[in-house]
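In our numbering, the protein residues as written are 1 to 507. We put the beta carbon where it would ideally sit given N, CA and C, even for glycine. First up is the structure itself, then whatever we jot down about it.
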Ligand SMILES: Nc1ncnc2c1ncn2[C@@H]1O[C@H](COP(=O)(O)OP(=O)(O)OP(=O)(O)O)[C@@H](O)[C@H]1O
Ligand SMILES: [Mg+2]
């Protein structure tokens, strides 16, 4: 049975085709992955399915019935649910309030809070979501926020579930949990549409795959998991043979290297709401080195960034740096990284400005340069940053921070939501920055990325560094390990050791 059918779907923004004549079907009770480069049109197509955008031409059928949604309410009525690339929760509201409020409005039904709470708690137990309904969303972790969105769909009894890059913000353990949840959905007969850039995940859970490139459907697999050919998929995504990584690692030899300290944190203590979040943290950023930080989310990563960037001042301990001009790619690009309504050029200028005047022509010039140099895909050079696809926003912010030409660079999850080629490009840029003598701090939840790029890798646990690996220990890894088809776990012992340290099981 067909759950969703797209027939000749086209959607333009201005003169730019975000979707062009897309035709494919999603079978009921399958996991259907949608792949494609940043800006390929994946989110746009899903927003059409969910009633946020209306297609210019083509038809959508749900369970063989043609639909014409004029808003998400119509889609929700047809039992379609969507978890967006950027969550749509109100931070000051509790989990419970977030789930109930929109629903109550759309249905005009007065809700019995007590009864709803019971229903929701049953769902939390059944799907193992581990959520506290009465916590404010601002106090819930990213994966908890995602589970809140999932709970919302379950409460609305959605049968077709759209997930737009759900795993981009999750740690490997959380990804495993997420897949357990999708397994349960499948067992319940639900249909799952999932967007991801990670081919190993596609291999793990997809039944069928559709690949989009520059707005068009370019590749489909038939309903046979075993035939999934990762190489064919990655070639379809980029439209050519994947060139392989151009990252030349040559890790900086920490032992025989002249250490010029660009930034140091000594014995930093920080409390938030009476909880110690940094506990005697020591860290040095050295010129010409990439220092990687790994750890389970919430062990002090964000606080380190806040102290370094000057956002957090209420710490004890010593913080010295050679410059207060520090480039930062933040973990949450929407909240901290940009002004959505501004163009790329304006967002760059914001950080450089210092009271100077500038003409529109110059701003467009800055946008053009970044678009060209960093392959940012836009529908128009002067597009607002907020209208770019998720991955292209990330590329634009990364580009801005490099172009600022500061000596100290802090990257928090720099390749989050970024496609395969752009990931390789960003990696090569990070290494290039190191090679020209910058000091780089790299925070990531992707252990392969960290091990490949870092000259030193520190494990963060409970607000302090519990162990730092030097280049010698990390050297056995090559850039090949970044490619998904190669089993990156060949050096299991190092992974195991880091894994143990990350959960506080130091030997
Ligand atoms: N509201 C909009 N206004 C103008 N252009 C838009 C708008 N939404 C999307 N676009 C453009 O349409 C193209 C496709 O965007 P879309 O968000 O669908 O990409 P995507 O495949 O989801 O990419 P990513 O992997 O980066 O999330 C992009 O080039 C984007 O700039
Ligand atoms: Mg998208």
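ask   = How about residue 70 and residue 8: are their beta carbons less than 9 Å apart?
value = Not in contact: residue 70 and residue 8 (Cβ atoms no closer than 9 Å).
* Asked: Excluding the five sequence neighbours on either side, which residues of its own chain have a C-beta within less than 8 Å of the C-beta of residue 289, listed in chain order?
  -> 252, 254, 257, 434, 439, 440, 455 and 456
task: Mark residue 481 as exposed unless 16 or more other C-beta atoms lie within 10 angstroms of its C-beta, in which case mark it buried.
output: Bear in mind that the predicted position of residue 481 carries a pLDDT of just 45, short of 50, making it unreliable; the figure below should be weighed with that in mind. Buried, since its Cβ has 16 or more Cβ neighbours within 10 Å.
- Task: Report, in whole angstroms, the separation of the C-beta atoms of residue 554 and residue 412, which I expect to be a contact under 8 Å.
- Result: Any property of residue 554 remains undetermined from this structure, which presents the chain solely from 1 to 507.
- Query: Taking contact to mean at least 3 C-beta pairs separated by less than 8 Å, is the stretch 22-35 in contact with the stretch 195-215?
  - Reply: yes
Subject >> Other residues of its chain near residue 397: CB distance less than 7 Å, five sequence neighbours each side excluded >> reply: 329, 333, 337 and 338
Alpha carbon to alpha carbon, what distance is there between residue 40 and residue 17?
Those two C-alpha atoms are separated by around 10 Å.
- Message: Output needed for residue 117: all residues of its chain with C-beta closer than 7 Å, excluding positions within five of it in sequence on either side, in chain order.
- Response: 96 and 133
Practice item. Give every residue of the same chain whose Cβ lies closer than 6 Å to the Cβ of residue 316, excluding the five residues on either side of it in the sequence, and list them in chain order. Key: 269
Measuring from the CB of residue 195, is there a heavy atom of ligand 2 at a distance below 8 Å? yes
Open item on the list: Contact defined as beta carbons within less than 8 Å: I believe residue 42 pairs with residue 195. What is the distance between those atoms, to the nearest angstrom?
Closed with: 5 Å
- Query: Where does residue 168 sit, in a helix, a strand or coil, going by DSSP?
  - Reply: coil
| According to the Cβ coordinates, are residue 285 and residue 261 closer than 9 Å? | Closer than 9 Å, so yes.
Would you mind listing the alpha helix (DSSP H) stretches within the stretch 375-455 that are 4+ residues and don't spill past its ends, in chain order? Those alpha helix (DSSP H) runs which fall completely within the stretch 375-455 and span 4+ residues are 390-403, 420-435 and 447-453.
What are the uninterrupted segments assigned as beta strand (DSSP E) that are 3 or more residues long and contained completely in the stretch 285-316, given in chain order?
289-294
Among the residues of its own chain, which have a CB less than 6 Å from the CB of residue 399, if the five just before and after it don't count?
Excluding sequence positions up to five before and after residue 399, its CB lies within less than 6 Å of the CB of 370 and 374, all in the same chain and listed in chain order.
- Between the stretch 143-155 and the stretch 165-180, do at least 3 Cβ pairs fall closer than 8 Å? yes
Count Cβ pairs between the stretch 422-431 and the stretch 339-351 that sit closer than 8 Å; are there 3 or more?
The stretch 422-431 is not in contact with the stretch 339-351.
Original post:
Which same chain residues, not among the five before or five after residue 236, have their C-beta less than 6 Å away from its C-beta?
Top reply: 211, 218 and 219
- Message: Per DSSP, what are the beta-bridge partners of residue 65 in this structure?
- Response: According to DSSP, residue 65 shares a beta bridge with 62.
Item to complete: Check residue 481 in the structure and name its three-state DSSP category.
Response: Because residue 481 sits at a pLDDT of 45, beneath the cut-off of 50, its placement in the model cannot be relied upon, and the point is left open.
Checklist entry - How big is the Cα-Cα spacing for residue 307 and residue 314? => result 9 Å
*How about residue 16: is its Cβ closer than 8 Å to a heavy atom in ligand 1?*
yes
Worksheet entry | Backbone secondary structure at residue 132 - three-state DSSP | coil
- Message: Can you tell me whether residue 85 sits near ligand 3, meaning its C-beta is under 8 Å from at least one heavy atom of the ligand?
- Response: Questions concerning ligand 3 fall outside what the structure shown contains, since the ligands it does hold are ligand 1 and ligand 2.
* Asked: Leaving out five residues before and five after residue 46 in sequence, what residues of the same chain have Cβ atoms less than 8 Å from its Cβ?
  -> 34, 82, 162, 164, 193 and 195
- Task: Report, in whole angstroms, the separation of the C-beta atoms of residue 509 and residue 281, which I expect to be a contact under 8 Å.
- Result: Outside the modelled stretch of the chain, which goes from 1 to 507, sits residue 509, for which no answer is possible.
Open item on the list: At a cut-off of 8 Å, would you count residue 375 as near ligand 1, judging by its Cβ distance to the nearest heavy atom?
Closed with: For ligand 1, not one heavy atom lies less than 8 Å from the Cβ of residue 375.
Taking only heavy atoms of ligand 1 into account, decide whether any of them is closer than 8 Å to the Cβ of residue 42. yes
If you measure from the CB of residue 38, is any heavy atom of ligand 1 nearer than 8 Å?
Yes, the beta carbon of residue 38 sits closer than 8 Å to at least one heavy atom of ligand 1.
Check: Can the beta-carbon of residue 202 be found less than 9 Å from the beta-carbon of residue 160?
Finding: The answer is no: Cβ separation not under 9 Å.
Requested in this report: Take residue 324 as the anchor and find which of 298, 263 and 377 has the nearest alpha-carbon.
Outcome: 263
Residue 4 to residue 48 span [Cα, whole Å]:
Distance between the alpha carbons of residue 4 and residue 48 is about 12 Å.
Three-state secondary structure (DSSP) of residue 277:
Residue state, collapsed to three classes: strand.
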